[in-house]
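Worksheet: the structure to be examined is printed underneath.
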Amino acid sequence: RKEVEQDPGPFNVPEGATVAFNCTYSNSASQSFFWYRQDCRKEPKLLMSVYSSGNEDGRFTAQLNRASQYISLLIRDSKLSDSATYLCVVNGLNTGGFKTIFGAGTRLFVKA
Amino acid sequence: DAGVIQSPRHEVTEMGQEVTLRCKPISGHNSLFWYRQTMMRGLELLIYFNNNVPIDDSGMPEDRFSAKMPNASFSTLKIQPSEPRDSAVYFCASSLWASGSSYNEQFFGPGTRLTVL
């Protein structure tokens, strides 16, 4: 089992739709969680951190469920510019010290 | 700030040749990461440094790969000899790590697209 798993998609949605991605992680000792965004042929960039209480940034909402070991990203009112790959990132202690694990990413296509 | 700088942006080489990738982190950052990204395996952490010291190199695939950070403003990732399966995009990232903090945002460079024929 991979340490961080994401549905690769692709998710094809029309403009204005609401779309949600989930990400599961295997290490229960994981401490911090993030969503990164990667545009085609570009580098990943931090989209938002994920807090236990859930957090919102404009049209984006992130949730963490420690009991079930998953995080989610909800995008409301999708825009064409939201088309990208969304990477789930999990960070925490393991036998080798702090380790950051990136998921393989979920591809999103928003259509006009 | 110029951000993380990587060179070259593209590299095409033949199997068996030595390849050296270069990275200049953001000034003031004290952690540096090397990643490899392929369609099959996604983004994999190869090695990371804190204050120029390698902390975790468990992701380095084999002895053909080596990384150095001689000072706070420069790092190299070397592959010798290169093989076709090394073809990937190699990203360098840097962050400002504070003692006691489990994570700080990583800023990625534009990547080096390596093709080994």
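Line by line, the protein sequences give chains Y and G. Okay, so the first sequence: first residue is 1 according to the working numbering, each after it adds one. Okay, so the second sequence: first residue is 1001 according to the working numbering, each after it adds one. All residues carry an ideal CB built from backbone N, CA and C; glycine is no exception. Model, not experiment: these values are computed from the prediction.
Within 9 Å of any Cβ in chain Y, is that where the Cβ of residue i sits?
| i | result |
| --- | --- |
| G:R1022 | no |
| G:D1086 | no |
| G:Y1090 | no |
| G:E1044 | yes |
| G:F1033 | yes |
| G:G1028 | no |
| G:P1070 | no |
| G:G1016 | no |
For the putative contact between residue i and residue j, defined by C-beta atoms under 8 Å, what is the C-beta separation to the nearest angstrom?
| i | j | result |
| --- | --- | --- |
| Y:I101 | Y:V4 | 5 Å |
| G:S1094 | G:V1004 | 5 Å |
| Y:Q63 | Y:G105 | Y:Q63 to Y:G105, Cβ: 19 Å. No contact. |
Work out the CA separation of residue j and residue i for me, nearest whole Å.
| i | j | result |
| --- | --- | --- |
| G:S1118 | Y:A112 | Residue 1118 of chain G falls outside the range modelled here, since chain G spans only 1001 to 1117, and no answer is possible. |
| G:E1044 | G:Q1037 | 6 Å |
| Y:S83 | Y:G103 | 18 Å |
| Y:E15 | Y:R107 | 15 Å |
| G:V1012 | G:L1114 | 6 Å |
| Y:F33 | Y:Q6 | 14 Å |
| Y:S68 | Y:N22 | 12 Å |
| Y:R66 | Y:G92 | 13 Å |
| Y:V89 | Y:Y36 | 7 Å |
| Y:S72 | G:F1108 | 23 Å |
| Y:K79 | G:L1032 | 33 Å |
| G:R1041 | Y:D77 | 31 Å |
| Y:Y86 | G:L1021 | 26 Å |
| G:K1078 | Y:A17 | 45 Å |
| G:M1015 | G:R1064 | 12 Å |
Quick check: is the beta carbon of residue i nearer than 9 Å to any beta carbon in chain G?
| i | result |
| --- | --- |
| Y:T61 | no |
| Y:T106 | no |
| Y:E43 | yes |
| Y:L46 | yes |
| Y:T100 | yes |
| Y:L87 | yes |
| Y:G54 | no |
| Y:G103 | yes |
Pick out the complete beta strand (DSSP E) segments inside the segment 1031-1094 of chain G, 3 residues or longer, and give them in chain order. Restricting attention to beta strand (DSSP E) runs no shorter than 3 residues, the segment 1031-1094 of chain G encloses them at 1031-1038, 1042-1050, 1053-1056, 1065-1071 and 1074-1079, ordered along the chain.
Go through the segment 66-111 of chain Y residue by residue and report every complete run of the beta strand (DSSP E) that reaches 3 residues or more, in order. 70-75, 84-94, 97-102 and 106-111
Length at least 3, wholly inside the segment 24-49 of chain Y: the beta strand (DSSP E) runs in chain order: For the segment 24-49 of chain Y, the full-length beta strand (DSSP E) segments reaching 3 residues or more read 30-38 along the chain.
What are the residues of the segment 1039-1065 of chain G that lie near chain Y, defined by any Cβ-Cβ distance shorter than 7 Å? G1042, L1043, L1045, I1055, D1056 and S1058
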